[in-house]
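Since the structure comes first, as structure tokens, the remarks are kept for the end.
Numbering (this note's numbering), first residue to last: 18 to 127.
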């Protein structure tokens with residue numbers, strides 16, 4: 018079967034991971050640590066949703082100008098809440114009646 022990403026795409030992703038961590042002031046690993054790391058999808062954190070797992074715990078909007086958004090968690094939308102591993106834009110569920118769910122909610126707030 019064909020790999021999901023070519024070797025060039027994997028190398029570009031590794032470079033982008035380091036660059037995005039530097040831009041966001043997140044503690045960055047060394048290039049060697051990223052270059053030899055196995056890229057394995059993991060569950061997205063609470064308050065976010067993702068379509069098929071994420072490559073790292075960074076939330077990046079999925080817009081055309083930010084291609085890393087396709088493998089990053091997305092902020093849970095207002096009116097929904099997202100438990101860990103929510104896999105669609107509807108989150109875990111809509112907010113309960115009489116509750117409030119601002120963006121990035123892990124639980125409904127009464």
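Yeah, the Cβ is synthetic: ideal placement off N, Cα and C, and Gly gets one too.
Notebook entry, point to check: Hey, residue 119 and residue 90: beta-carbon distance below 9 Å or not?
Noted result: no
Checklist line | Nonlocal neighbours in the same chain, by C-beta distance under 8 Å from residue 109, ignoring five residues either side | finding: 97, 98, 99, 100, 103
Checklist line | residue 110, DSSP secondary structure in three states | finding: strand
Margin query: Can you list, in chain order, the residues of its chain with a C-beta nearer than 6 Å to that of residue 78? Leave out the 5 residues immediately preceding and following it.
Written below: 86
Next item on the list: Kindly identify the DSSP beta-bridge partner or partners of residue 71.
Entry: 59
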